[in-house]
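Asker: Those letters in the sequence shown? Residues 4 to 371, by the working numbering. Backbone N, C-alpha and C define an ideal beta-carbon position, used for all residues, glycine too. Every value quoted in this text rests on a predicted model; they were computed, and no experiment measured them. Got a structure for you, written out below as structure tokens; questions coming shortly.
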Amino acid sequence: MLMLDAPPCARADGLASARAALVKALDMASLWQACATLINATLPCHSCSLLFDIDGYQPLQGRHHLATAGDDGARLVTSLEVAAPYLDANPRIRWYTFSQIASQDALAPERLKAQNPAPGWREFIHLAFWDGTRLEAVLSIRILTAHTELSDAELAFLAELYPLLDASLQRVRMLESDRLRHKAVEDLLYALPLAALLVDGNLVPSYMSREAKRICRRWSTDTERDGCLPRAIELPLRRWMEGAAGTAAAAGQRATFTVAHPQRPTQSLRVEISSAPGNSFRHAQHLLILAADEGDDAGDAAAARSLPLLTCLSPSERKVAGLVASGLRNDAIAERLCRSRKTIESQISSIFRKLNVSNRTQLARLLN
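In structure tokens form, the structure reads like this:
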């Protein structure tokens, strides 16, 4: 029975979808999936690799696709040693083939054979992407042995693929760099003794530091989910924001108010609120800093005032330092924190040593 290929319109639609996926990719995994789909559908491809984070001519990371399943001789080459002399002689070249390398370098076939004596292919095409004079990434496409040359349509595809992949790589690298910086800042803020939250216009938190989570757990009821703003804080905050009529709406402006706990009259919380630059009605972001009032937890208040000094202390030591600075004696601190007096004395000695003070008066003066 004669079987026909898919109709031209269906094939074109599939490639259009893969092109769109490449242009819209937000991470390296989705970028590579779209790129491999395009290559496999258009070229007589044995296998292909995207090599990046290149140190010298050694890629530190890569993504790979093997079009011929079950090819036992297909050991993918993940080094650029075969092309290294050619790249040195042709800086910033955008694409080249193994045949071009071998025409200028008689030792290239031996280097390739040493890497993979039975590759299942004879020719490769490399698309090279540069940042100035530094090689950033290489797309390596190995062509099936039976194909000795590419058609005009296949060459036109490669010419079209280069700028698409170049722009996509730049975008993904920028996004991944932003994600790494964002993660580093989150990790730093999470470890600081600062009760910080970032909430949207509906007061739903998108970020909470460790201290903020601790305070929220203390103010939550058993039925409330961890990681959410407790109703004891959310409801008065919402009423305050509605009554403030935009007091904290302007970027850089800060406002502070106090929330009283509805079931615990002795507990209150100071909330500092500021709005992020570029706020809009649909995409509002507000930074909240929570601090227990002196009557509720003097240790928290002292810690909030002296962040730069307390970063060298452990969380437990920061709590003790705040209570010492507020005037509590060792017995009272031990009772409040449910620890032994001996443990508190040991921690105070450690605090004095780390902060380079010799007595309680100096510690209180330093923190206050």
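1. Would you check if the distance between the CB atom of Leu-53 and the CB atom of Arg-66 is smaller than 7 Å?
2. So the alpha helix (DSSP H) Ala-50 belongs to, where does it begin and stop?
3. Straight-line CA distance for Ala-105 to Pro-112?
4. Determine the direct distance from the alpha carbon of Tyr-89 to that of Gln-107, and round the result to whole angstroms.
5. Who are the near neighbours of Ala-86 in its chain, counting only those whose CB is closer than 7 Å to its CB and skipping five residues on each side?
6. Helix, strand or coil for Asp-169, going by three-state DSSP, please let me know.
7. Can you look up Gln-266 in the DSSP assignment and give me helix, strand or coil?
8. Under a three-way DSSP split, which group does Leu-138 fall into?
9. For the alpha helix (DSSP H) containing Pro-112, name the first residue and the last one.
10. Under three-state DSSP, which class holds Ala-251?
11. Grab the span of the alpha helix (DSSP H) containing Arg-356 for me, first residue to last.
12. Could you spell out the range, first to last residue, of the alpha helix (DSSP H) harbouring Ile-42?
13. Could you tell me whether the region 192-207 touches the region 313-321, where touching means 3 or more Cβ pairs closer than 8 Å?
14. Ala-294 bridges to which residues according to DSSP?
15. Sort out for me which residues DSSP pairs Pro-62 with in a bridge.
16. Taking all protein chains shown into account, do 16 or more other C-beta atoms lie within 10 angstroms of the C-beta of Gln-350, making it buried, or fewer, making it exposed?
17. Count Cβ pairs between the region 347-365 and the region 322-336 that sit closer than 8 Å; are there 3 or more?
18. Do you know how far the Cα of Ile-57 is from the Cα of Gln-64?
19. Three-state secondary structure (DSSP) at Arg-125?
20. Which value, in whole angstroms, describes the spacing of the CA atoms of Asn-119 and Gly-135?
21. Using the Cβ count rule (16 or more neighbours within 10 Å means buried), how would you classify His-185?
22. Thinking C-alpha only, which one of Asn-43, Asp-181, Cys-231, Arg-342 is nearest Asn-205?
23. Here's the rule I'm using: 16 or more other beta-carbon atoms within 10 Å means buried, otherwise exposed. How should Gly-325 be labelled?
24. Could you tell me which uninterrupted alpha helix (DSSP H) segments, each at least 4 residues in length, are contained entirely in the region 170-254, listed from first to last along the chain?
25. Could you compute how far the alpha carbon of Arg-234 sits from the alpha carbon of Ser-223?
26. Tell me, which residues are paired with Thr-259 by DSSP?
Answerer: Walking through what the data contain:
1. The sequence position of residue 53 within the sequence shown is 50, counting from 1. The sequence position of residue 66 within the sequence shown is 63, counting from 1. It is a contact, given that the beta carbons lie within the stated cut-off.
2. As a first step, residue 50 is located in the sequence shown; it is residue number 47 there, counting from the start. In the sequence under discussion, the amino acid at residue 50 is Ser, which differs from the Ala named in the question. Segment 48-58 is the beta strand (DSSP E) holding Ser-50; no alpha helix (DSSP H) there.
3. Along the sequence shown, read from residue 1 onward, the residue named residue 105 stands at position 102. Along the sequence shown, read from residue 1 onward, the residue named residue 112 stands at position 109. Here the C-alpha atom of Ala-105 lies approximately 7 Å from the C-alpha atom of Pro-112.
4. Working through the sequence shown from its first residue, we reach residue 107 at position 104. Working through the sequence shown from its first residue, we reach residue 89 at position 86. Answer to the nearest angstrom: the Cα atoms are 8 Å apart.
5. As a first step, residue 86 must be located in the sequence shown, where it is residue number 83. For Ala-86, where only same-chain residues beyond five positions count, the Cβ hits under 7 Å are Ile-104, His-129.
6. Within the sequence shown, the letter at position 166 stands for residue 169. Reduced to three states, the DSSP call for Asp-169 is helix.
7. The residue given as residue 266 occupies position 263 in the sequence shown. DSSP places Gln-266 outside both helix and strand once states are collapsed to three, so it counts as coil.
8. Counting from one through the sequence shown, the residue named residue 138 turns up at place 135. Reduced to three states, the DSSP call for Leu-138 is strand.
9. For this step, residue 112 is matched to residue 109 along the sequence shown. Counting along the chain, the alpha helix (DSSP H) containing Pro-112 begins and ends at 111-118.
10. Looking up residue 251 in the sequence shown gives position 248. Its pLDDT being 49, under 50, Ala-251 is placed unreliably in this model, and the value from its coordinates should be taken loosely. Here Ala-251 carries a coil assignment [DSSP, helix/strand/coil].
11. Taking the sequence shown and counting its residues from 1, one reaches residue 356 at position 353. Here the alpha helix (DSSP H) through Arg-356 covers 344-358.
12. By one-based count along the sequence shown, residue 42 stands at place 39. The continuous alpha helix (DSSP H) containing Ile-42 extends over residues 31-45.
13. Judged by pairs of C-beta atoms under 8 Å, the region 192-207 touches the region 313-321, as three or more such pairs exist.
14. Your numbering for residue 294 matches position 291 in the sequence shown. According to DSSP, Ala-294 bridges with Arg-273.
15. Here residue 62 is taken as the residue at index 59 of the sequence shown, counted from 1. According to DSSP, which records beta bridges pairwise, Pro-62 is partnered with Ile-57.
16. Here residue 350 is taken as the residue at index 347 of the sequence shown, counted from 1. Counting every other CB atom within 10 Å of its CB across the protein chains shown gives Gln-350 a total of 16 or more, marking it as buried.
17. Verdict: yes, contact present.
18. As a first step, residue 64 is located in the sequence shown; it is residue number 61 there, counting from the start. As a first step, residue 57 is located in the sequence shown; it is residue number 54 there, counting from the start. In this model, Gln-64 and Ile-57 are separated by some 8 Å (Cα to Cα).
19. The count along the sequence shown starts at 1 and reaches residue 125 at position 122. In this structure, Arg-125 counts as strand in the three-state DSSP scheme.
20. The count along the sequence shown starts at 1 and reaches residue 119 at position 116. The count along the sequence shown starts at 1 and reaches residue 135 at position 132. Their backbone Cα atoms lie some 31 Å apart in a straight line.
21. Locating residue 185 in the sequence shown gives position 182, counting from the first residue. Exposed, since its Cβ has fewer than 16 Cβ neighbours within 10 Å.
22. To locate residue 205, count along the sequence shown from 1; it is residue 202. For Asn-205, the nearest C-alpha among the options comes from Cys-231.
23. By 1-based counting over the sequence shown, the position of residue 325 is 322. It is buried - the Cβ of Gly-325 has at least 16 other Cβ atoms within 10 Å.
24. Within the region 170-254, the runs of alpha helix (DSSP H) that reach at least 4 residues and sit entirely inside it are, in chain order, 213-222, 234-247.
25. Counting from 1 along the sequence shown, the entry for residue 234 is found at position 231. Counting from 1 along the sequence shown, the entry for residue 223 is found at position 220. So the two alpha carbons sit approximately 7 Å from each other.
26. For the purposes of this step, residue 259 is taken as the residue at position 256 of the sequence shown. In the DSSP assignment, Thr-259 forms a beta bridge with Glu-275.
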